[in-house]
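Notes to accompany the following structure.
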Amino acid sequence: MKKISIYLIMFIALLVSIYYGSQKSGFHEDEYYTYFSTNRSLGLYQPDREWQDRQTILDEFVVKEGEGFNYGLVKLVQSWDVHPPFYYFVFHTICSFVPGVFTKWTGIITNLIAFVISMLVLYALMERLKVPFQIQLLTMVFWGLNPQTISCNMLIRMYAFLTATVFSCAYLHVRLIQDYDKYRKDIKSFMLKWLLPIMAVSYVGFLIQYFYIFFFVSIGVATAYWLFFKNADLKNALVYVCGCAVSLLLAVLTYPASVRHMFGGYRGSDASGSFFDLFNTGLRIKFFVGLLNDYVFAGGLIFIALFIAILIVAGIFTGKKYKLLRPEVVILTTGTVGYFLLTAKTALLVGSASNRYEMPIYGLMIMLLFWDVYYTVSSIGQKSYVYAFMVAMVAFLIKGLVIDGNVLFLYKEDVPKIAYAKEHSDNVAVVMYNPATPHNVWRLTDELLQYDKVFYMNEENTEKLVEKEVTSADKIVLYVADDDLQQEAINNLVDSCENISGKSFISDEEMWVTYELD
Numbered sequence: 043m044k045k046i047s048i049y050l051i052m053f054i055a056l057l058v059s060i061y062y063g064s065q066k067s068g069f070h071e072d073e074y075y076t077y078f079s080t081n082r083s084l085g086l087y088q089p090d091r092e093w094q095d096r097q098t099i100l101d102e103f104v105v106k107e108g109e110g111f112n113y114g115l116v117k118l119v120q121s122w123d124v125h126p127p128f129y130y131f132v133f134h135t136i137c138s139f140v141p142g143v144f145t146k147w148t149g150i151i152t153n154l155i156a157f158v159i160s161m162l163v164l165y166a167l168m169e170r171l172k173v174p175f176q177i178q179l180l181t182m183v184f185w186g187l188n189p190q191t192i193s194c195n196m197l198i199r200m201y202a203f204l205t206a207t208v209f210s211c212a213y214l215h216v217r218l219i220q221d222y223d224k225y226r227k228d229i230k231s232f233m234l235k236w237l238l239p240i241m242a243v244s245y246v247g248f249l250i251q252y253f254y255i256f257f258f259v260s261i262g263v264a265t266a267y268w269l270f271f272k273n274a275d276l277k278n279a280l281v282y283v284c285g286c287a288v289s290l291l292l293a294v295l296t297y298p299a300s301v302r303h304m305f306g307g308y309r310g311s312d313a314s315g316s317f318f319d320l321f322n323t324g325l326r327i328k329f330f331v332g333l334l335n336d337y338v339f340a341g342g343l344i345f346i347a348l349f350i351a352i353l354i355v356a357g358i359f360t361g362k363k364y365k366l367l368r369p370e371v372v373i374l375t376t377g378t379v380g381y382f383l384l385t386a387k388t389a390l391l392v393g394s395a396s397n398r399y400e401m402p403i404y405g406l407m408i409m410l411l412f413w414d415v416y417y418t419v420s421s422i423g424q425k426s427y428v429y430a431f432m433v434a435m436v437a438f439l440i441k442g443l444v445i446d447g448n449v450l451f452l453y454k455e456d457v458p459k460i461a462y463a464k465e466h467s468d469n470v471a472v473v474m475y476n477p478a479t480p481h482n483v484w485r486l487t488d489e490l491l492q493y494d495k496v497f498y499m500n501e502e503n504t505e506k507l508v509e510k511e512v513t514s515a516d517k518i519v520l521y522v523a524d525d526d527l528q529q530e531a532i533n534n535l536v537d538s539c540e541n542i543s544g545k546s547f548i549s550d551e552e553m554w555v556t557y558e559l560d
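Counting from 43, one number per residue, gives the positions in the sequence shown under the numbering used here.
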């Protein structure tokens, strides 16, 4: 019955994510990059004063017939940017089964595979830790149905798979600590049965997202400390440290571009600068704790903190003694807090979208917080409070989902924009791009794919337009990017056209405005 309850929660959580997936109506610019960098053909380009047909644009976001399972190209393209390739291998594999198709479902299905793995590993971890069944249920419900877990499944990036590797790393380290007496005097058994799985997961984790290192190093340092200082086991401590180092070294040798990604380039330099800037520490931690409170707990994190504090004070006044935490719990907590703080120091600050960087650790934070409440309540002999706490957490969960609407990356606001483009697909569509940031045309992909072809113009080229199909049009749908010469470019287009005299505002989005010229 216990397992059936857990699996039922998993199934419901999967259905809820699929439901939200059906509501996803647009893409973040980084999601477009996922499709492009995984499946590209010739490479996206924006010509000046030339037409580009729909198929040319589409070919950069889908796997073309006969070009599937091309992992060499996927790895090469990622080496040009700032990401490791493993997630893109998985995504490219799924896209290769549906050549020529551009759909959100290839990305969502990729994430849901990782989500199922994460749920199974989280359950196995709680079983290993002997977490009370009530807390297992509450954790699975609160994490599996959490707006940020759903958001992670909606964001077509590598964070769902990063979550799976972080959970797996946590489970394997807990197993290593709990089974210490089984391998203490058998170095071969230790290496094959306990260390090798950690090395394998960490090899893959590094090649999914470099933030994995934050968790691996945090939990690894704590584990090495426990082996050497708490157990006086120098031999196994050295073998463990060397094994972990070898796994990362093999990952670097497999993907040499990772060195440049982490220590150079635009993201490596930004992350290093933020990490060593001591003055931003308080601001960054406050920012990410705020995201945790607002988007994961729907404002309930303060309630949890006060609840635990009151219980601790009550325990002190009643003379209750608290048991020492088991080493695997301390080490897991160290890894969890370490990841949260190190990521907070280095991740991009981009509003609510910054949740994605901490999403891989949210499940462990939820479990540890809920377990701490149970542990504290049990220590003062008031287990009935646990059920009141469970009800409160479910209420906060519903608040976050229904009232606050905290599920991110759905882009429902794109629906009318796409509908407008589809309705006007027979009109001339002109895209005026900023030559300093031509790649931002990606943000319009869903809209541009509604037209048979679009006409590109460099905003800073103000020579009179001579393309007859454009200049003779009775109506033009104009997508224009931010630029100092934006208005001059629009005026030049209007002046070049025979039947156009004015413009009407249609919509806007980050860096772009849509006008109807007639």
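Note that beta-carbon positions come from the ideal geometry of N, C-alpha and C, so glycine has one too.
- The distance from the Cβ of residue 400 to that of residue 219 is about 25 Å, inconsistent with a contact at the 8 Å cut-off.
- Annotation: residue 554 is outside any alpha helix (DSSP H); the continuous beta strand (DSSP E) that includes it extends over 554-559.
- Excluding sequence positions up to five before and after residue 92, its CB lies within less than 8 Å of the CB of 497 and 498, all in the same chain and listed in chain order.
- At the C-beta level, residue 523 and residue 501 come within 8 Å of one another.
- Within the segment 290-347, the complete alpha helix (DSSP H) segments of 4 residues or longer fall at 299-305, 307-318 and 323-333, listed in chain order.
- The Cβ atoms of residue 450 and residue 196 sit closer than 8 Å to each other.
- Buried is the label assigned to residue 244, since at least 16 other Cβ atoms lie within 10 Å of its Cβ.
- The beta strand (DSSP E) runs of length 3 or more contained entirely in the segment 106-187 do not exist; there are none.
- Relative to the Cα of residue 334, the nearest Cα in the group 354, 101, 89 and 407 belongs to 407.
- With respect to the C-alpha of residue 239, the residue from 212, 254 and 226 having the closest C-alpha is 212.
- For residue 195, the secondary structure class from DSSP, reduced to helix, strand or coil, is helix.
- Between residue 156 and residue 202, the C-beta gap is smaller than 8 Å, which places the two residues in contact.
- In the displayed model, residue 486 falls within a helix according to three-state DSSP.
- A contact between stretches requires three or more CB pairs, one per stretch, nearer than 8 Å, and the segment 423-436 fails this requirement with the segment 103-123.
- Taking the Cα positions, residue 44 is about 29 Å away from residue 223.
- Contact fails between the segment 118-130 and the segment 158-170, because fewer than three Cβ pairs, one in each stretch, are under 8 Å apart.
- Among the bridge pairs identified by DSSP, residue 523 is matched with 554.
- If you compare the alpha carbons of 147, 472, 469 and 503 with that of residue 478, the shortest gap goes to 503.
- Cβ-Cβ distances below 6 Å link residue 307 to 124 in the same chain, with the five nearest sequence neighbours on each side left out; the list follows chain order.
- Under the three-state reduction of DSSP output, residue 468 falls in the coil class, being neither helix nor strand.
- Between the C-alpha atoms of residue 559 and residue 544 there is a straight-line separation of about 6 Å.
- Under the three-state reduction of DSSP output, residue 104 falls in the coil class, being neither helix nor strand.
- Taking the C-beta atoms as reference points, residue 410 is found no nearer than 8 Å to residue 376.
- With three or more CB-CB distances shorter than 8 Å, the segment 241-256 counts as touching the segment 288-296.
- Residue 547 sits in a strand when the DSSP states are folded into three classes.
- According to the DSSP assignment, residue 496 belongs to no alpha helix (DSSP H) but to the beta strand (DSSP E) extending over 495-500.
- A straight line joining the alpha-carbon of residue 310 with that of residue 458 spans about 38 Å.
- In terms of Cβ geometry, residue 475 and residue 483 form a close pair [threshold 8 Å].
- Under the three-state reduction of DSSP, residue 223 is assigned to helix.
- In the three-state reduction of the DSSP assignment, residue 508 falls in the coil class.
- The Cβ-Cβ distance between residue 419 and residue 353 falls below 8 Å.
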